[in-house]
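K.L.:
Respectively, the protein sequence lines represent chains A and B.
Quick note on numbering that gives the first Met the number 0: the first sequence kicks off at 0 and runs consecutively.
Quick note on numbering that gives the first Met the number 0: the second sequence kicks off at 0 and runs consecutively.
No residue lacks a Cβ here, since even glycine has one placed at the ideal position from N, Cα and C.
Please read all numbers here as calculations on a predicted model, not as lab measurements.
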Amino acid sequence: MHFGPNDEQRDLQRSARAFFSRELPSERLRRGLDGGVFERDLWTSAARLGWIGALVPERHGGSGLVLGDLTMVLEEAGRAIAPLPLLETAVVGALAIGSAAVPARADGWLSALAGGTLIVAMGPFHLPNDRPAMPVSARRDGESWLVDGSTPIVPFGADADLVLTFAQTADGPTLFAVPAESAGFGAAPVDLADRTARAASVEYHDVRVPRDHVLGAPGAGWTVLEPVIRAARAALCADMVGGAQRAIELSVEYAKQRVQFDRPIGSFQAVKHKLADMQLALEGMRGLAYAAASAAGSHGSDDPIVEVAKAVCNDGYRMIASEAIQVHGGIGFTWDHDLHFYYKRALRLRATLGASSELYHSIGTSLLAGRGFVSYDEPRTAAPAT
Amino acid sequence: MGPEQTEDELRFRAEVRAWLARSVDDTVRVGRNEPEPSREVAWVAAEREWDRRLHAGGYAGLAWPKEYGGRGASVTFQVIFAEESARTEAPAGLSFLGRHLVGPPIMRHGTDEQKRRYLPPMLRGEEIWCQGFSEPNAGSDLAALQTTATLDGDHWVVQGQKIWTSWAHYSDWMLLLARTDPDAPKHKGITAFLLDLRTPGIQIRPIRQLSGASGFNQEFFDAVRLPRENVLGPVNGGWDVAVTTLGHERAILNAGRHHANIAHVRRALERYGSDLRDGSPRATLLLERVGRAYAASRTLEYLQHRYVSGWSSGLPPGPEGSLLRLTWSLAYQDAAEVALEIIGPEAQVASGAGAVDEGDWLYAFYEARSRTIAAGTAEIQKNVIAERMLGLPRS
C-alpha cells in the first residue's frame, strides 16, 4: 500500500524548499510588508521552473503535472510564507481556464499564465451556503456582457491581469474572466491582516466583457467552479501544512534553547505537551492534505474528504500558529519575529473557500442524509496516480 | 499519492472480506468489548468461538512467522486484516492478547523449548494469556514495579501484586514482570516470567469498572513457586522483553478503528437523527459536532495510511504508535459522546425497559474514558511524541 508523495514528488518538494530559502529570505519578505511591490522576479523564476503552469497541459506551454505534484510546491510556499498568487493563478486560474474557456481564448491565456506573464486573481466565490447575496451581477448587452458590482477582498487584486469573477445573471451564477485593463475596472489596496496577500477591493462599473470571456456556459458557473474549488481547497491544505510545520519547528528549536529555572523550557511538561498537541494536529493535517490532493483530482464522489481536510487544516493551523506564539512568550508577540506571518496567514487561509464551522455543518448534514459513508461500503481500489 | 493498493493487496482484502462475511455472525457478534456480569458467560463463549474460527480460517497467526505456525504476512497485510475486521465489527477473540502481545516476545526472547511448548496452544486459542505488568505503584512508571521474584533452589518465589490486568480472570497463563535485583537501577533489575495461573498462591480478583463490566483484575501473589526454567529472556533482562511487547504491534492493533467510530456515529444518526432535520439551533450545532467527530476519524484513517505506507517500505516503527493511539483515543471519545448527544437525554437510562438499545451507547460513553488511560495514558503518549519525535529534553 502506498500513500503519500512519490519519489519524484519528494524531489520536487526539495527543489521548492531550496528555491524559497534561497530566493525569499525573511528580509525580503519583510520589505514587502510596508507597501512593497509585487515580487515579479520571484514569480518569473517560479514560472521558469514550470510551477506556475504546473497544471497547464504541455500543448499550452505548461508542465502537464497533476495536483499532487503542485501541492509539493504549495506546501513549501506555505512554509516560506510566499507572497505569491499561486493558489489564484496556478490552481484556480489554470483549472478554471483549462476546463471552461473557449478554445480560442484558452491557448493564449494558458500559455501566458504558464509563462508567468498573466497573473490571475479570484473571487471571492460566494458558496451556495453564504448568506450575503452575490455582490457582482452581469447582464447581456449585445454581443458582450456588462459586469457590475464590487468585492471587498481580492488577494492580489491590484496585481492581476485577469480577475475570475463569479456574477449573478439572468441565467444564474456565471463565471467571468475580467481583464484588469477593462474600462470601469478598479482595484484599490486593502490593508488585510495578512499583507503578503496584497489584497485589493475590486470594483466593476459596468465593465464590458466579451462573450468569449465567460468560463463555461452562462448560468453554469457552479459546474465549472465545483471541481476547481475542490482542488483549491486541497491546495490550501498543502499551504497550511507547510506553514504549520515551520511554526512547530521554530517552537521546538526555541523550547530547546530557551532556559528558565535553569532548564530548557522544553523539558517542562506544560510546554512539552503543548508541542506534542501541535505535532499531533500537524500529523493529522498532513495525511488529510495528501488525501485531499489525491481525491480532488477525481470526480463524482460522495466522499467529503476534501471538505474534511480543509476544516481540519483550518483548525490545526490556527491552533499551531497560536500556540507557537505562546511557546515563544514575549518575543513571539513582536513584529520582528516571523511568527506573526503564520498567525496572519492562518487567519486568511481558513477564511478562504470554507470556514470550519460551515464545512463541519455541511459534512454533518450530508452524513445525516446518508452520504459520506461511501468509502466504507466498498474496498478502496487503486486510485489513479496523482 | 494514493492510497494505492497493489493487486496482491486487493486480492487479499477481497479474500479477508469474503471470509469475514461468512464468519462473523450472531454467534460471535455480541456487541461489546467486555461484558458486564449479566452477559459475561455468553461473551466468553463467543470470544472462544471466534478464536476457533480465526484459527480454522488460518488468520490467527497472520502476523506470526511461518516457523511458528503463522503466515508471515507483511505489515500491510496485517493492517488489511485489522481494517476489515474493524469494518465488520468482528470480535477480537480471547487469544488476542496472547497472539499479539505475548507471542512476539516469546518468539524473540524465548528458548526453543519455550517456543515449542507455548506458541502452538496460544495460536490455537487453547491457552489464554494475559500481561502482568502494571502494579498499584507502577502505572505510567512501569519500571518502578515492586513485585519480587527470588530464587530458591529450582524455583523462583514470587511475592507481590499486579493490577489492571486485562482478562486475567479468563487466562491460563501470564507474562509476568517481577523485580529480581532490588539493588540494580530500576530498568536493570527486572525479569520476565511465564507463569501458570493455576499455581498455588495466586489470587485473581476482577475489578468492577466504571462501566459495570469487569475486564481487568487485581492479582495477589503469595509465595508463588515458579519453575526456574520459566524465565523468558535473560535474568534481569526483562525490560527488553517488555519493550518488545510495547513495540509496533500496538500501532497495528489499532488499524482500521476509524471504521468502528464512523459506524457508531452512522448508526446513531440513522436510528435517532431524524429530528436533526428541523433546522433548530440544536440541530445546527449538533450537526457541526457530528461533522467534527467524523473528521476526527477520517484524520485517523489517513494518518494510519501514511504511517503504514512508511512501515511497509521498511522504515522502523517509532513513536508513531503513540501518535496513532492518541489520535484514535480522542476520535473514539468524540464519536461516543456525539452519539449520546444525537440520542438525547434518554440515552442516560442504563438498563430496564427505558434503556436505549440495552444501554449500548452509554457503554461506549463509559469505555471512552479508558481510551486515554489504557496502554499508556495520553500524557505518557505526549511525552513520547515530544521526546522521540520532536527531540525535546526529558522532564
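(1) Below 8 Å on the Cβ atoms is my guess for Asn-235(B) versus Lys-187(B); work out the distance and round it to an integer in Å.
(2) Just tell me which of Ala-176(A), Asp-335(A) and Ala-354(A) has its CA closest to the CA of Arg-30(A).
(3) Residues of the segment 318–331 of chain A in Cβ contact with chain B at a cutoff of 8 Å, in chain order, please.
(4) In the structure shown, what three-state DSSP assignment does Ile-201(B) receive?
(5) With the cut-off set at 8 Å, would you say Glu-340(B) and Tyr-359(A) are in Cβ contact?
(6) Rounded to whole angstroms, how far is the Cβ of Gln-268(A) from the Cβ of Ser-394(B), which I believe are closer than 8 Å?
(7) Are Met-173(B) and Leu-194(B) close, meaning C-beta to C-beta below 8 Å?
(8) I'd like the ranges of any alpha helix (DSSP H) spanning at least 4 consecutive residues and lying wholly in the segment 206–290 of chain B.
(9) Once you ignore the five residues that flank Phe-2(A) on each side, which residues in its own chain have a CB closer than 7 Å to its CB?
(10) Per DSSP, which one or two residues make a beta bridge with Val-119(A)?
(11) Give the list of continuous alpha helix (DSSP H) stretches no shorter than 4 residues that lie fully inside the segment 59–94 of chain A.
(12) Measuring straight from C-alpha to C-alpha, what distance separates Ala-233(A) and Met-239(A)?
(13) What residues from the segment 302–317 of chain A come within 7 Å of chain B, judged by C-beta to C-beta, listed N to C?
(14) Please state the DSSP three-state secondary structure of Gln-158(B).
(15) Report the residues of the segment 252–272 of chain A with a CB closer than 9 Å to any CB of chain B, ordered along the chain.
(16) Mind listing which residues of the segment 301–332 of chain B have their C-beta closer than 7 Å to chain A's C-betas, in chain order?
(17) Thinking just about the alpha-carbon of each residue, which of Ala-157(A), Arg-138(A), Phe-165(A) and Ala-105(A) is nearest to the one in Phe-124(A)?
(18) Taking its Cβ as the centre, do 16 or more other Cβ atoms sit within 10 Å of Ala-177(B), making it buried, or is it exposed?
(19) Is it true that the CB of Gly-52(A) sits closer than 8 Å to the CB of Ala-113(A)?
(20) Can you tell me which of Ser-200(A), Gly-296(A) and Val-135(A) puts its alpha carbon nearest to the alpha carbon of Ala-169(A)?
(21) List the residues of chain A that Glu-287(B) touches, going by C-beta distances under 7 Å, in chain order.
(22) Does Ser-94(B) come out as helix, strand or coil in the three-state DSSP assignment?
(23) Going by other Cβ atoms of all chains shown within 10 Å of its Cβ, with 16 needed for buried, is Leu-252(B) buried or exposed?
(24) Three-state secondary structure (DSSP) at Val-384(B)?
(25) Helix, strand or coil: which one does DSSP assign to Gly-71(B)?
(26) Quick check on Phe-332(A): buried or exposed, where buried means 16 or more other Cβ atoms within 10 Å of its Cβ?
(27) Taking only beta-carbon atoms, is Leu-367(A) less than 8 Å away from chain B?
(28) Does His-204(A) get closer than 8 Å to chain B when you measure Cβ to Cβ?
(29) Quick one: what does DSSP say Val-206(A) is sitting in, helix, strand or coil?
(30) At least one CB of chain A closer than 8 Å to the CB of Lys-114(B): is that the case?
(31) Quick check: what's the CA-CA separation for Glu-3(B) versus Glu-82(B)?
(32) What would DSSP say about His-1(A), mapped onto helix, strand or coil?
(33) Starting from Ala-148(B), follow the alpha helix (DSSP H) in both directions and report where the run begins and ends.
(34) Terminal residues of the continuous alpha helix (DSSP H) containing Met-318(A)?
(35) Counting only Cβ-Cβ distances shorter than 8 Å, please list the residues of the segment 76–89 of chain A near chain B, keeping chain order.
(36) Rounded to the nearest angstrom, what separates Tyr-271(B) and Arg-265(B) at their Cα positions?
P.N.:
Judging by the given coordinates:
(1) In the second sequence, residue 235(B) corresponds to position 236, counting from 1. In the second sequence, residue 187(B) corresponds to position 188, counting from 1. Confirmed, about 6 Å.
(2) In the first sequence, the residue the question calls residue 30(A) occupies position 31. Comparing Cα-Cα distances from Arg-30(A) to each of Ala-176(A), Asp-335(A) and Ala-354(A), the minimum goes to Asp-335(A).
(3) none
(4) By 1-based counting over the second sequence, the position of residue 201(B) is 202. In this structure, DSSP gives Ile-201(B) an extended state, which the three-state scheme calls strand.
(5) The residue you call residue 340(B) lines up with position 341 of the second sequence. The residue you call residue 359(A) lines up with position 360 of the first sequence. Going by C-beta atoms, Glu-340(B) is not nearer than 8 Å to Tyr-359(A).
(6) Residue numbering aside, residue 268(A) sits at position 269 when the first sequence is read from its first letter. Residue numbering aside, residue 394(B) sits at position 395 when the second sequence is read from its first letter. The Cβ separation is near 5 Å, so the contact holds.
(7) Numbered from its first residue, the second sequence carries residue 173(B) at position 174. Numbered from its first residue, the second sequence carries residue 194(B) at position 195. Yes; because the gap between Cβ atoms is below 8 Å, this pair is in contact.
(8) 237–244, 248–252 and 256–271
(9) As a working mapping, residue 2(A) is identified with position 3 in the first sequence. Sequence-distant partners of Phe-2(A) (beyond 5 residues in either direction) whose C-beta falls short of 7 Å from its own C-beta, in its chain, are Tyr-289.
(10) Here the question's residue 119(A) lines up with position 120 in the first sequence. Partner(s): Leu-161(A).
(11) 66–78
(12) Taking the first sequence and counting its residues from 1, one reaches residue 233(A) at position 234. Taking the first sequence and counting its residues from 1, one reaches residue 239(A) at position 240. Each residue's Cα considered, the two are about 10 Å apart.
(13) Of all residues in the segment 302–317 of chain A, Ile-304, Val-307, Ala-310 and Val-311 have a Cβ within less than 7 Å of some Cβ in chain B.
(14) For this step, residue 158(B) is matched to residue 159 along the second sequence. Strand at Gln-158(B).
(15) Ala-254, Lys-255, Arg-262, Pro-263, Gly-265, Ser-266, Phe-267, Gln-268, Val-270, Lys-271 and His-272
(16) Tyr-301, Leu-302, His-304, Arg-305, Val-307, Ser-308, Ser-311, Leu-322, Leu-325 and Thr-326
(17) Mapped onto the first sequence, residue 124(A) falls at position 125. Here the closest residue by C-alpha is Phe-165(A).
(18) Reading the second sequence from its first residue, position 178 is the one you call residue 177(B). Flag for Ala-177(B) reads buried.
(19) Counting from 1 along the first sequence, the entry for residue 113(A) is found at position 114. Counting from 1 along the first sequence, the entry for residue 52(A) is found at position 53. Closer than 8 Å, so yes.
(20) Against the first sequence, residue 169(A) aligns to sequence position 170. It is Val-135(A) whose Cα lies nearest to the Cα of Ala-169(A).
(21) Sequence index remark: in the second sequence, residue 287(B) carries index 288 (1-based). Those within 7 Å of Glu-287(B) in chain A are Ser-356, Tyr-359, His-360 and Gly-363.
(22) Translated into the one-based positions of the second sequence, residue 94(B) becomes position 95. The answer is coil: DSSP assigns Ser-94(B) none of H, G, I, E or B.
(23) Residue 252(B) sits at position 253 when you count from the first residue of the second sequence. Classification of Leu-252(B): buried, given that the 10 Å Cβ count is 16 or more.
(24) Within the second sequence, numbered from 1, the residue matching residue 384(B) stands at position 385. For the record, residue 384(B) in the displayed sequence is Ile; it is not Val. Ile-384(B) falls in the helix class under three-state DSSP.
(25) Position 72 of the second sequence, counted from the start, is the residue given in the question as residue 71(B). Correct three-state label for Gly-71(B): coil.
(26) Translated into positions along the first sequence, residue 332(A) becomes position 333. Exposed, since its Cβ has fewer than 16 Cβ neighbours within 10 Å.
(27) Here residue 367(A) corresponds to residue number 368 of the first sequence, with the count starting at 1. So yes, Leu-367(A) belongs to the interface.
(28) Taking the first sequence and counting its residues from 1, one reaches residue 204(A) at position 205. By this cut-off, His-204(A) is not an interface position.
(29) Taking the first sequence and counting its residues from 1, the one referred to as residue 206(A) is at position 207. Strand, per DSSP.
(30) Mapped onto the second sequence, residue 114(B) falls at position 115. Judged by the 8 Å Cβ criterion, Lys-114(B) is not in contact with chain A.
(31) By 1-based counting over the second sequence, the position of residue 3(B) is 4. By 1-based counting over the second sequence, the position of residue 82(B) is 83. Computed Cα separation, rounded: 15 Å.
(32) Looking up residue 1(A) in the first sequence gives position 2. Three-state result, His-1(A): strand.
(33) Numbered from 1 along the second sequence, position 149 holds the residue referred to as residue 148(B). No alpha helix (DSSP H) contains Ala-148(B), which is instead part of the beta strand (DSSP E) from 147–151.
(34) Stepping through the first sequence from its first residue, residue 318(A) is reached at position 319. Element bounds for Met-318(A): 304–327.
(35) Cβ contacts with chain B come from no residue of the segment 76–89 of chain A.
(36) Here the question's residue 271(B) lines up with position 272 in the second sequence. Here the question's residue 265(B) lines up with position 266 in the second sequence. Taking the straight line from one Cα to the other gives about 10 Å.
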